[in-house]
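Going by UniProt numbering, the residue at position 433 of the sequence shown is 433; the numbering climbs one at a time, nothing skipped.
Glycine included, C-beta positions come from ideal geometry on N, C-alpha and C.
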Amino acid sequence: MQALERRLQELERGRQELGEEFIILKSNYLALGRELDKEVMRNEELTQELLSLAKGSSHPPGSAHPSCPGLGGGGAAGHPRSARRGKPEDAAASEHEQQELQRNPSASSSSSFVPQLLGNQDHIKVELEKLKKTHDEQQQKLEERVLALGKELQEAKGAAGDSRHRLAQQSAVLLTSQSQLREVEAENSRLQLQLKELNEEYRSRLAQHIRDLANYMDSKPSSVTGPSRAPAGHAAMKNFVDSMLGDIRASYRSREEQLARAARGYKKRMKDLAKKHENLLIAYGLQREQIRTLGTSAMDCGPAELHLSITDPELLSNSSRELNRLRHEKAKLETQLQELQQVGRELGLGGKGPISPFLKAFVGLVRLEKLSQISESNHSPNTAKAATEPAQGETGQSLEQPGMVEGAGFVSGHDPNELFCHRQLDEEGWAEVRKKLREFTLNTQEDLEQQRSQLLTRAVAAEEQVSELQGYIDQHLAR
């Protein structure tokens with residue numbers, strides 16, 4: 001089920017990535033199209049300008065053309081159009097081209113640039129067609145990929161739905177089986193109780209029949225006559241039966257007492273082992289604390305005490321359950337502390353020791369708050385000033401520095417001796433906190449052990465009373 005969900009999430013992420021790529025490609029295509037349209041318009045404008053320049057250079061407005069060599073001055077100046085009309089078209093065209101080349105040599109280059117622009121426009125159109133074709137192919141591939149991913153997504157959703165359906169069916173079957181198991185267990189216990197009652201009834205009836213048979217045998221007159229007849233033998237059978245039943249009851253009672261003693265001895269041994277295990281766990285926890293205090297954060301102190309504690313509910317007392325709860329909370333706090341130290345090392349706040357400067361600065365702030373509370377309780381400005389100054393000294397006068405905002409509390413530029421003193425003070429504070437925590441743990445452990453011993457004593461006394469009452473009940477029921 002989890003694998004299908006992960007596969008479904010991967011397919012969904014792939015579909016989203018393909019959709020994003022499709023959107024990016026489409027936006028790029030639209031941007032290229034807009035740029036191409038701008039270039040086409042610009043080329044058209046340049047073409048129009050070049051054509052207009054070419055036309056303007058070929059037919060200049062204003063005065064007439066100057067006199068050309070080889071022509072008459074007055075006749076050519078007075079009637080230029082009639083003179084042109086009288087010449088052949090080829091000569092006029094050649095002369096006109098020569099004059100244009102002499103007057104405006106740039107016009108020839110511009111007129112030759114027009115076909116080049118038109119050719120470039122055709123090339124741009126070809127490239128645009130290629131881009132459109134490539135874009136259409138990529139879009140088609142993306143659409144096919146999206147359709148395939150959608151189909152796979154639907155299949156994965158269907159498989160996940162089938163898995164959930166099967167899981168629901170199995171859960172229903174499990175619940176039904178559990179309810180049937182509880183019913184069968186209840187029926188079994190009822191049948192066992194009924195069997196015990198029937199055994200008691202049949203035992204009492206069998207004993208009564210044996211007694212009746214003994215009385216009958218004792219009341220029947222003996223067939224032996226003469227001097228060999230046994231005198232006073234009327235109650236011999238009854239006495240024999242009573243002694244036999246007494247022996248059976250005594251054997252049963254001795255067997256029950258033997259089993260009860262064995263069970264009590266087994267429970268006592270298990271409790272002793274559990275107590276030794278608790279003591280070993282306490283010693284192990286103290287060793288871990290010492291290693292963590294004296295070593296570095298990179299040193300492996302072994303698994304937490306929670307992973308080595310006893311989880312069998314039959315062997316757990318109230319004190320053991322409380323200790324396991326405290327160990328669980330301690331393991332969570334240790335995990336959070338390790339995460340904070342890791343974050344501090346990643347942010348450049350942690351040192352080589354087990355306690356990062358960020359936590360040291362936090363302790364400094366806690367001390368400052370305590371000292372401010374003490375100064376407020378004294379109601380004296382001198383006392384408050386005297387309490388505030390050492391508090392600022394403990395935190396390294398870094399409350400106004402940007403390093404304190406970053407979490408380190410120690411910035412460059414301070415005296416190294418002063419920084420060492422502040423670190424030493426913070427380490428002493430942490431050592432004091434650890435010492436108080438150890439004292440609290442030991443005191444709590446001692447109190448819990450005392451309560452445990454008292455409860456064990458009361459339990460042993462109660463078991464003895466129960467055994468005495470059981471023997472008394474057996475004796476009275478036997479009567």
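- Report yes if the CB atom of Glu305 is closer than 8 Å to the CB atom of Tyr284, and no otherwise. As a working note, residue 305 is residue 305 in the sequence shown. As a working note, residue 284 is residue 284 in the sequence shown. Closer than 8 Å, so yes.
- Message: Can you tell me where the alpha helix (DSSP H) holding Gly265 begins and where it ends?
- Response: What you label residue 265 is simply residue 265 of the sequence shown in a count that begins at 1. Where Gly265 is concerned, the enclosing alpha helix (DSSP H) stretches over 236-294.
- Item | Euclidean distance between Cα positions of residue 496 and Asn199 | With the chain represented from 1 up to 479, any question about residue 496 goes unanswered, as that position is not in the structure.
- alpha helix (DSSP H) runs wholly inside the stretch 157-219, at least 4 long, in chain order: none
- Message: Quick check on Asp300: does DSSP put it in helix, strand or coil?
- Response: As a first step, residue 300 is located in the sequence shown; it is residue number 300 there, counting from the start. Asp300 falls in the coil class under three-state DSSP.
- Nearest CA to the CA of Gly14: which residue from Leu147, His123, Asn443, Glu39? Residue numbering aside, residue 14 sits at position 14 when the sequence shown is read from its first letter. Closest by alpha carbon: Leu147.
- Query: Grouping DSSP H, G and I as helix and E and B as strand, with all else coil, what is Asp447?
  - Reply: Start at 1 with the first residue of the sequence shown, and residue 447 comes out as number 447. Three-state DSSP puts Asp447 in a helix.
- Query: Any idea what DSSP makes of Asp37, helix, strand or coil?
  - Reply: In the sequence shown, the residue the question calls residue 37 occupies position 37. Note: Asp37 maps to helix in three-state DSSP.
- Are Asp218 and Ala236 touching if we call contact CB-CB under 8 Å? In the sequence shown, counting from the first residue as 1, residue 218 sits at position 218. In the sequence shown, counting from the first residue as 1, residue 236 sits at position 236. Yes, Cβ-Cβ distance for Asp218 and Ala236 is below 8 Å.
- Query: Quick one: Cα of Ser453 to Cα of Thr293, how far?
  - Reply: By one-based count along the sequence shown, residue 453 stands at place 453. By one-based count along the sequence shown, residue 293 stands at place 293. So the alpha carbons of these two residues sit roughly 32 Å apart.
- Task: Report yes if the CB atom of Leu153 is closer than 8 Å to the CB atom of Leu11, and no otherwise.
- Result: Looking up residue 153 in the sequence shown gives position 153. Looking up residue 11 in the sequence shown gives position 11. Yes. Within cutoff.
- Query: For Lys332, which of Asp312, Pro303, Ser319, Ser320 has the nearest alpha-carbon?
  - Reply: By 1-based counting over the sequence shown, the position of residue 332 is 332. Comparing Cα-Cα distances from Lys332 to each of Asp312, Pro303, Ser319, Ser320, the minimum goes to Pro303.
- Hey, out of Ala262, Leu213, Glu257, whose CA is closest to Val241's CA? Here residue 241 refers to the residue found at position 241 when the sequence shown is read from its first residue. Closest by alpha carbon: Leu213.
- Query: In its own chain, which residues sit with a C-beta less than 7 Å from the C-beta of Arg7, not counting the 5 before and 5 after it?
  - Reply: Counted from its first residue, the sequence shown places residue 7 at position 7. The answer, listed in chain order, is Ala156.
- Three-state secondary structure assigned by DSSP to Ile310: By 1-based counting over the sequence shown, the position of residue 310 is 310. Three-state result, Ile310: coil.
- By how many angstroms is the C-alpha of Thr176 removed from the C-alpha of Val183? To locate residue 183, count along the sequence shown from 1; it is residue 183. To locate residue 176, count along the sequence shown from 1; it is residue 176. Val is not the amino acid found at residue 183; the sequence shown has Glu there. Their backbone Cα atoms lie some 10 Å apart in a straight line.
- Query: Sorted by chain position, which residues of the same chain lie with C-beta nearer than 6 Å to Tyr202's C-beta, five sequence neighbours on each side aside?
  - Reply: If you number the sequence shown from 1, residue 202 lands on position 202. If we look at Tyr202 and ignore the five residues flanking it on each side, it has no Cβ neighbours.
- Query: By how many angstroms is the C-alpha of Gln140 removed from the C-alpha of Ser57?
  - Reply: Counting from one through the sequence shown, the residue named residue 57 turns up at place 57. Counting from one through the sequence shown, the residue named residue 140 turns up at place 140. Near 52 Å, if we compare the C-alpha coordinates of Gln140 and Ser57.
- Helix, strand or coil: how does DSSP classify Glu316 here? Walking along the sequence shown from the start, residue 316 turns up at place 316. Position check: residue 316 holds Leu in this sequence, whereas Glu was assumed. Note: Leu316 maps to coil in three-state DSSP.
- Message: Suppose the cutoff is 7 Å on Cβ atoms and the five residues either side in sequence are ignored; what does the same chain contact list for Val437 look like?
- Response: Counting from 1 along the sequence shown, the entry for residue 437 is found at position 437. It should be pointed out that residue 437 corresponds to Leu in this sequence rather than to Val. Taken in chain order, the list of residues that qualify is empty.
- Task: State yes or no: is the C-beta of Ser317 within less than 8 Å of the C-beta of Leu455?
- Result: Start at 1 with the first residue of the sequence shown, and residue 317 comes out as number 317. Start at 1 with the first residue of the sequence shown, and residue 455 comes out as number 455. It is a contact, given that the beta carbons lie within the stated cut-off.
- Spell out whether any CB of chain C is found under 8 Å from the CB atom of Leu337. The question asks about chain C, but that chain is absent: this structure has only one protein chain.
- Given that a residue counts as buried once 16 or more other Cβ atoms are within 10 Å of its Cβ, and exposed if not, what is Gln475? Taking the sequence shown and counting its residues from 1, the one referred to as residue 475 is at position 475. Answer is exposed; the Cβ neighbour count stays below 16.
- Hey, would you say Leu128 sits closer than 8 Å to Leu18, going by beta carbons? Indexing the sequence shown from 1 puts residue 128 at position 128. Indexing the sequence shown from 1 puts residue 18 at position 18. Their beta carbons are not under 8 Å apart, which means Leu128 does not touch Leu18 by this criterion.
- In whole angstroms, what separates the C-alpha of Leu286 from that of Asn324? Residue numbering aside, residue 286 sits at position 286 when the sequence shown is read from its first letter. Residue numbering aside, residue 324 sits at position 324 when the sequence shown is read from its first letter. Using only the alpha carbons, I get a separation of about 16 Å.
- Three-state secondary structure (DSSP) of Leu128: As a working note, residue 128 is residue 128 in the sequence shown. In this structure, Leu128 counts as helix in the three-state DSSP scheme.
- Message: Does Gln342 pass the burial test, meaning 16 or more other C-beta atoms within 10 Å, or should it be called exposed?
- Response: Numbered from 1 along the sequence shown, position 342 holds the residue referred to as residue 342. Answer is exposed; the Cβ neighbour count stays below 16.
- Query: From Gln258 to Glu464, what does the alpha carbon distance come to, in whole angstroms?
  - Reply: The residue labelled residue 258 in the question sits at position 258 within the sequence shown. The residue labelled residue 464 in the question sits at position 464 within the sequence shown. Their Cα atoms are separated by approximately 14 Å.
- From Leu273 to Ile310, what does the alpha carbon distance come to, in whole angstroms? Counted from its first residue, the sequence shown places residue 273 at position 273. Counted from its first residue, the sequence shown places residue 310 at position 310. Approximately 11 Å, taken between the alpha carbons.
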